[in-house]
Structure formats: C-alpha cells, structure tokens
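Participant:
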Amino acid sequence: MARSRFHRRSSYGNQLKALPMEAMYSAGVSLISLIIYGGIITASVYMAGETPRWLGGGLGTLGFLVAFGAFVYNVGQMKTKTELKYRIVCLAISSVIMIVWIATLIIGLIRG
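Encoded structure:
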C-alpha cells in the first residue's frame, strides 16, 4: 500500500489576512466624529452656559449618519477572511459609537 504524501502549503496560503485599513478608518472616523461633537458641546456649554438646541437635531443627525455608515461597512467586513479579533474590535467600536449617536439624536428630537 502506497503512502500518500501531503504537499505542504506555503505559509502565506494558510494565514489569515489582516483587516483592511478601510475598516479601521471607518471605526476611527466615527470615533473622531464623536470626539469633535463632545468638543463642540463642551465649548458651547462653557461659552453659553447651556446646550444649544441645534446641536441635537442637525449635528446629531449628521453624526448618526457617519456612525451608521461606519457600522454598515464593518458589518460587511465580518464576512471576510480576516482575523476575528480585529473584526470584532472594529465592529464593537462602531456599534458603541452608533448607540451614543442614536441617544444624542433622540435627545435632540425630544428637546427640539
């Protein structure tokens, strides 16, 4: 009986790919948009003593759309053959930021 020899695959064929930079950029963009929004709120509260009404409706909607776009892109990245931990981290960042933007949008709609 002949022994079959298995051919070794190259190490590149068996490795998982790194997460595309676009997924990290989309998570970063949504995070930066939230940081900028926090800075605008802080500056307006410091200067006027209260949160202006336009921050919830207009900027809240814009921030929600940015975060939603990043979330949808990172959900699409979950189907790729990249390392799971990177996919989960980017998806978690996008999810948390989208939840914060949804809360901001709802508060802005209630106040406005």
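Going by this note's numbering, 25 is the number at position 25 of the sequence shown; the sequence numbering is gapless. Each residue gets a CB set at the ideal place from its N, CA and C atoms; glycine is no exception. Just so you know, these numbers come straight off a predicted model, no measurement behind them.
1. Please name the residue, chosen from LYS85, SER44, GLN77, GLY69, that lies closest to LEU31 on a Cα-to-Cα basis.
2. Distance check for VAL89 and ARG8, CA to CA, integer angstroms please.
3. Enumerate, from N- to C-terminal direction, the unbroken alpha helix (DSSP H) stretches of 4 or more residues contained entirely within the region 22 to 79.
4. Nearest-angstrom Cα distance between GLU22 and TYR46?
5. Since I believe PHE71 is in contact with LEU105 (beta carbons under 8 Å), could you give me their beta-carbon distance rounded to a whole number of angstroms?
6. Can you give me the C-alpha to C-alpha distance between ILE130 and GLY60, rounded to a whole angstrom?
Facilitator: Let's see:
1. GLY69
2. Legend: pLDDT at ARG8 = 46, less than 50; position of this residue unreliable, no value from coordinates given.
3. 60 to 77
4. 36 Å
5. The Cβ separation is near 14 Å, so there is no contact.
6. Residue coverage of the chain in this structure runs from 1 to 112, which leaves residue 130 outside it and unanswerable.
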